[in-house]
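J.:
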Amino acid sequence: MTKSTKPKWLLPVLGYGALAGLVLICFMVLRYSTVALSWEAELYAGTAGLIFLVLGLWLGYRRQRPNRKPSAPKDPLSPREMDILEAVSQGASNREVADTFHISLSTVKTHLSNIYAKLGVKRRTQAISTAKALKILS
17 MTKSTKPKWL LPVLGYGALA GLVLICFMVL RYSTVALSWE AELYAGTAGL IFLVLGLWLG
77 YRRQRPNRKP SAPKDPLSPR EMDILEAVSQ GASNREVADT FHISLSTVKT HLSNIYAKLG
137 VKRRTQAIST AKALKILS
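Under my numbering, the letters of the sequence shown match residues 17 to 154, in that order.
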């Protein structure tokens, strides 16, 4: 089976655009009602802009909020990855890890990259704290 080539951002953008259209339709309906007859066109645009500013800030906050509870990795860490993560958690540099396990520096970097991907993190400090939260490390 192949993965869908549809980008992840497509559905939120289409939904956001549909919501914008709905808000504008609501304003047009209000325009013809007795409540909003005195509104100027700039006031409609300003109100729609304010609504979308608040909505955009709220959605941005929700998307950028860090996960409070890390989930267990889908692929478990291999024994070698566990050894390397343990060494890194004790403060060893990549070179020291390579020397300890008699592997090349690029192999250490590859293992760390795999660890980061499995834990869903981008930095070694995040990997250590996530592993401790998941009780992978003591």
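Cβ coordinates follow ideal geometry from the N, Cα and C atoms, glycine included.
If you follow the alpha helix (DSSP H) that Glu-158 is in, where does it begin and where does it stop?
T.: Nothing can be reported for residue 158, as the shown portion of the chain is limited to 17 through 154.
J.: Would you kindly report the start and end of the unbroken alpha helix (DSSP H) that includes Arg-140?
T.: The residue you call residue 140 lines up with position 124 of the sequence shown. That run of the alpha helix (DSSP H) goes 140-149.
J.: Taking DSSP as the reference, what is the three-state secondary structure of Leu-153?
T.: Counted from its first residue, the sequence shown places residue 153 at position 137. Leu-153: coil per DSSP, three-state reduction.
J.: His-127: buried (16+ other C-beta within 10 angstroms of its C-beta) or exposed?
T.: Taking the first residue of the sequence shown as 1, we reach residue 127 at position 111. Result: buried.
J.: Take the Cβ of Met-17 as the centre, count every other Cβ of all protein chains shown within 10 Å, and call the residue buried at 16 or more, exposed below.
T.: The sequence position of residue 17 within the sequence shown is 1, counting from 1. Unreliable placement is indicated for Met-17, whose pLDDT of 48 sits below 50; the coordinate value is still reported in the next sentence. Exposed.
J.: From the DSSP output, in three-state form, read off Ala-34 for me.
T.: Mapped onto the sequence shown, residue 34 falls at position 18. It is helical.
J.: Taking a contact to mean a Cβ-Cβ separation below 8 Å, would you say Ala-114 touches Val-104 in this structure?
T.: What you label residue 114 is simply residue 98 of the sequence shown in a count that begins at 1. What you label residue 104 is simply residue 88 of the sequence shown in a count that begins at 1. Their beta carbons are not under 8 Å apart, which means Ala-114 does not touch Val-104 by this criterion.
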